[in-house]
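Asker: Numbering (the working numbering), first residue to last: -15 to 136.
Glycine included, C-beta positions come from ideal geometry on N, C-alpha and C.
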Amino acid sequence: MKKWFLILAFLTAASTFAQLKTHTFEEAERLAAESPKPYVIFIHTDWCKFCKMMENTTFKNKEIIAALNRNFYFISFNAEDKKDIFFKEAVFKFKPKGNNSGVHELATALAEKNGNTTYPTIAILYPDYSVVAQLQSYINAKDLLQVLGKIR
């Protein structure tokens, strides 16, 4: 009986701690060449409180984790990252805007909508890089699941 209880406890714990698979742009692009799936790109900053809320709620939701891991390549992208990124056969760079501030070109390219860049933004791209959706501002798990369910 004790043995079965331990096995059950282990299986329950393993399913509770499901991890969201996060990829770099380069890694996701390489994987998509072998097995095409849409990209879900979470564009955020370190100082954005709504970004942190999404990281701690939306992206910790078991259904969101399962859907993203199964059907998409998920990329978490800090818009203020300073390293060059090779994506879509181009190199994107950080653009300084003053003392210790700036924004990455790729963040602007993916998050800008009607001339405005908002954090957080979720950009969803098909494997051919066409933009399916740009979701600006906080989005809860229920609403994100509805959006993800419509994309194939």
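Take glutamate 47 as the anchor and find which of Ile69, Gln3 and Glu13 has the nearest alpha-carbon.
Answerer: Residue 47 sits at position 63 when you count from the first residue of the sequence shown. Of the listed residues, the one whose Cα sits closest to glutamate 47 is Gln3.
Asker: Cutting at 8 Å between CB atoms, please list the residues of its own chain near phenylalanine 34, excluding the five before and the five after it.
Answerer: Residue mapping note: residue 34 aligns to position 50 of the sequence shown, counting from 1. Cβ neighbours of phenylalanine 34 beyond the five flanking positions: Tyr103, Pro104, Ser121 and Tyr122.
Asker: Whole-angstrom Cβ separation of histidine 88 and aspartate 112, contact assumed at under 8 Å?
Answerer: Counted from its first residue, the sequence shown places residue 88 at position 104. Counted from its first residue, the sequence shown places residue 112 at position 128. No, histidine 88 and aspartate 112 are not in contact; Cβ-Cβ is about 22 Å, not under 8 Å.
Asker: Given a cut-off of 7 Å on the beta-carbon distance, is the pair phenylalanine 56 and isoleucine 106 in contact?
Answerer: Along the sequence shown, read from residue 1 onward, the residue named residue 56 stands at position 72. Along the sequence shown, read from residue 1 onward, the residue named residue 106 stands at position 122. Not in contact: phenylalanine 56 and isoleucine 106 (Cβ atoms no closer than 7 Å).
Asker: According to DSSP, is threonine 0 part of a helix, a strand, or is it coil?
Answerer: Taking the first residue of the sequence shown as position 1, residue 0 is located at position 16. For threonine 0, the predicted structure reports a pLDDT of 49, less than 50, and the residue's modelled location is therefore unreliable. A value from the coordinates is still provided. Residue state, collapsed to three classes: helix.
Asker: Just to confirm before moving on: does the CB-CB distance between lysine 97 and asparagine 53 stay below 7 Å?
Answerer: The count along the sequence shown starts at 1 and reaches residue 97 at position 113. The count along the sequence shown starts at 1 and reaches residue 53 at position 69. No. Outside cutoff.
Asker: Is the CB-CB distance between leucine 128 and threonine 42 below 7 Å?
Answerer: The residue given as residue 128 occupies position 144 in the sequence shown. The residue given as residue 42 occupies position 58 in the sequence shown. Judged by their CB atoms, leucine 128 and threonine 42 are nearer to each other than the 7 Å cut-off.
Asker: If I measure Cβ to Cβ from proline 22 and keep anything under 7 Å in the same chain, skipping five residues before and after, which residues do I get?
Answerer: Reading the sequence shown from its first residue, position 38 is the one you call residue 22. So the qualifying residues of the chain are Phe56, Ile108, Leu109, Tyr110, Pro111, Val116 and Ile135.
Asker: Hey, quick one: how far does the alpha helix (DSSP H) through isoleucine 25 stretch, first residue to last?
Answerer: Taking the sequence shown and counting its residues from 1, the one referred to as residue 25 is at position 41. Looking at the DSSP string, isoleucine 25 is not in any alpha helix (DSSP H); the run it does join, the beta strand (DSSP E), is 23 to 28.
Asker: State the beta-bridge partners of lysine 79 as determined by DSSP.
Answerer: For the purposes of this step, residue 79 is taken as the residue at position 95 of the sequence shown. In the DSSP output, where bridge partners are listed per residue, lysine 79 has Val87.
Asker: Verify whether the separation of the beta carbon atoms of isoleucine 59 and alanine 12 is less than 7 Å.
Answerer: Numbered from its first residue, the sequence shown carries residue 59 at position 75. Numbered from its first residue, the sequence shown carries residue 12 at position 28. Yes, the pair counts as a contact, with Cβ atoms nearer than the cut-off.
Asker: Classify phenylalanine 71 as buried or exposed, calling it buried when 16 or more other Cβ atoms lie within 10 Å of its own Cβ.
Answerer: For the purposes of this step, residue 71 is taken as residue 87 along the sequence shown, with counting starting at 1. Counting other Cβ atoms within 10 Å of its Cβ, phenylalanine 71 reaches 16 or more and is therefore classed as buried.
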